[in-house]
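Residue numbers for the sequence shown follow the numbering used here, beginning at 173 and rising by one.
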Amino acid sequence: MITISNIKAELKKELAEASSEMESNMITAEYNLRIKKLKLEGEEAYKQAYVLPYDAEDDCGCGN
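Okay, here's the thing in structure tokens:
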């Protein structure tokens, strides 16, 4: 189950790795959008937008 607490924990990890204030601001904006999507559209929409695309990243689409 995806919760706002989980998303905020991911945000803290990402912010710890940020190398500049601009990068921190971009990361914060991204995670604010994620939280908003979860609140407004629900967990399934969140998974389709943020979880499933990343799970399929290894698939190059070349049929191998």
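Yeah, the Cβ is synthetic: ideal placement off N, Cα and C, and Gly gets one too.
Just so it is clear, the structure is predicted and the values come from calculations on it, not from any experiment.
With H, G and I counted as helix, E and B as strand and the rest as coil, what does DSSP make of residue i?
{"i": "M173", "result": "coil"}
{"i": "S192", "result": "coil"}
Which residue from the options puts its Cα closest to that of residue i?
{"i": "E186", "options": "K208, T175 and M198", "result": "M198"}
{"i": "S177", "options": "I207, E202 and Y218", "result": "I207"}
Grab me the residues of residue i's own chain with a C-beta within less than 6 Å of its C-beta, minus the 5 sequence neighbours each way, in chain order.
{"i": "S196", "result": "L187 and A190"}
{"i": "S192", "result": "none"}
Sorted by chain position, which residues of the same chain lie with C-beta nearer than 8 Å to residue i's C-beta, five sequence neighbours on each side aside?
{"i": "V223", "result": "I174"}
{"i": "K218", "result": "Here the sequence assigns Tyr to residue 218, which means Lys is not the residue at that position. Once the five neighbours on either side are set aside, the close Cβ partners of Y218 are I174, R206, K209 and L210."}
Could you tell me whether any Cβ in chain D is nearer than 8 Å to the Cβ of residue i?
{"i": "M173", "result": "Structure shown: chain D not included; a single protein chain is present."}
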